[in-house]
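Trainee: Numbering (full-length UniProt numbering), first residue to last: 1 to 200.
(1) Excluding sequence positions up to five away, which residues of its chain have a Cβ less than 6 Å from the Cβ of residue 118?
(2) Under a three-way DSSP split, which group does residue 104 fall into?
(3) What's the call for residue 52, buried or exposed, on a 16-neighbour Cβ count within 10 Å?
(4) Taking C-beta to C-beta, are residue 1 and residue 68 nearer than 8 Å?
(5) When burial is assigned at 16 or more other CB atoms within 10 Å of the CB, is residue 149 buried or exposed?
(6) Compute the beta-carbon to beta-carbon distance between residue 38 and residue 72, rounded to the nearest angstrom, for a pair I have assumed lies under 8 Å.
(7) List the whole-angstrom C-beta distance separating residue 109 from residue 172, where the pair is believed to meet the contact cut-off of C-beta under 8 Å.
(8) Taking the runs of the alpha helix (DSSP H) that are 4 residues or longer, which of them lie wholly in the segment 29 to 105?
(9) Under 8 Å, with one C-beta from each stretch per pair, do the segment 176 to 190 and the segment 113 to 130 reach the 3-pair mark?
(10) DSSP three-state call for residue 15: helix, strand or coil?
(11) Since I believe residue 74 is in contact with residue 91 (beta carbons under 8 Å), could you give me their beta-carbon distance rounded to a whole number of angstroms?
(12) Could you tell me the distance, in whole angstroms, from the CA atom of residue 229 to the CA atom of residue 178?
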């Protein structure tokens with residue numbers, strides 16, 4: 001995933017399943033992150049190829065894996081109005097260490113998310129308030145047995161493990177309708193659902 005020589009090596013071993021814990025095969029997974037200096041590949045003027053990103057497909061057991069580097073914190077652009085706003089609010093422009101994931105498969109609700117590293121100095125003060133507790137992960141360490149299963153992995157490198165969960169488009173529509181009815185009921189507005197859409 002990363003062509004650079006710098007950065008701490010990382011092995012990521014993940015799964016993608018439904019809400020019942022069943023594996024989902026054939027999910028397209030788009031993954032991207034910064035280099036060791038906190039820059040995305042598109043921020044380098046002289047780049048000649050993509051870097052710090054890959055596209056994978058989950059196997060029959062819902063598994064996918066890749067090698068990359070451990071994410072690092074970086075600042076969002078703050079040389080314009082955003083920077084002025086942050087200064088007024090007495091806030092820094094830093095984002096905590098994280099890696100982005102996007103999951104797509106027909107019939108399933110598209111998921112765009114990120115994983116954040118526990119213990120990051122900006123964990124509790126993300127400039128864009130993107131962190132949720134369920135997305136914070138603690139890195140482990142690859143042992144000899146695991147290293148033997150993944151080409152290019154080696155004992156002692158950092159290990160990221162996470163189980164992602166997707167919901168179907170139908171499940172999403174049903175939940176959205178249910179939440180809409182509940183919210184409107186609190187306003188004393190009675191509605192009916194038709195094909196998961198609110199009807200007054």
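Every residue gets a Cβ at the ideal spot worked out from N, C-alpha and C, and that includes glycine. All values derive from a computational prediction rather than experimental measurement.
Mentor: Quick look at the numbers:
(1) Within the chain shown, residue 118 is the residue found at index 118, counting from 1. Non-local beta-carbon contacts of residue 118 in its own chain, meaning distances under 6 Å to residues more than five positions away in sequence, involve 136 and 138 in chain order.
(2) For the purposes of this step, residue 104 is taken as residue 104 along the chain shown, with counting starting at 1. Annotated three-state conformation of residue 104 is strand, per DSSP.
(3) Here residue 52 is taken as the residue at index 52 of the chain shown, counted from 1. Buried.
(4) Stepping through the chain shown from its first residue, residue 1 is reached at position 1. Stepping through the chain shown from its first residue, residue 68 is reached at position 68. Yes; because the gap between Cβ atoms is below 8 Å, this pair is in contact.
(5) Taking the first residue of the chain shown as position 1, residue 149 is located at position 149. An exposed status is given to residue 149, since fewer than 16 other beta-carbon atoms sit within 10 Å of its beta-carbon.
(6) For the purposes of this step, residue 38 is identified with residue 38 of the chain shown, where counting begins at 1. For the purposes of this step, residue 72 is identified with residue 72 of the chain shown, where counting begins at 1. With 8 Å as the limit, residue 38 and residue 72 qualify as a contact, their Cβ atoms being about 5 Å apart.
(7) The residue you call residue 109 lines up with position 109 of the chain shown. The residue you call residue 172 lines up with position 172 of the chain shown. With a Cβ gap of about 4 Å, residue 109 and residue 172 count as contacting.
(8) Counting only runs of 4+ residues, the alpha helix (DSSP H) found wholly inside the segment 29 to 105 occupies 81 to 88, in chain order.
(9) The segment 176 to 190 makes no contact with the segment 113 to 130, as fewer than three CB pairs between them are under 8 Å.
(10) The residue labelled residue 15 in the question sits at position 15 within the chain shown. In the three-state reduction of the DSSP assignment, residue 15 falls in the strand class, which pools E and B.
(11) Position 91 of the chain shown, counted from the start, is the residue given in the question as residue 91. Position 74 of the chain shown, counted from the start, is the residue given in the question as residue 74. Their Cβ separation, rounded to whole angstroms, is 15 Å, which puts residue 91 and residue 74 out of contact at 8 Å.
(12) Nothing about residue 229 can be reported from this structure: the residues present for the chain run from 1 to 200 only.
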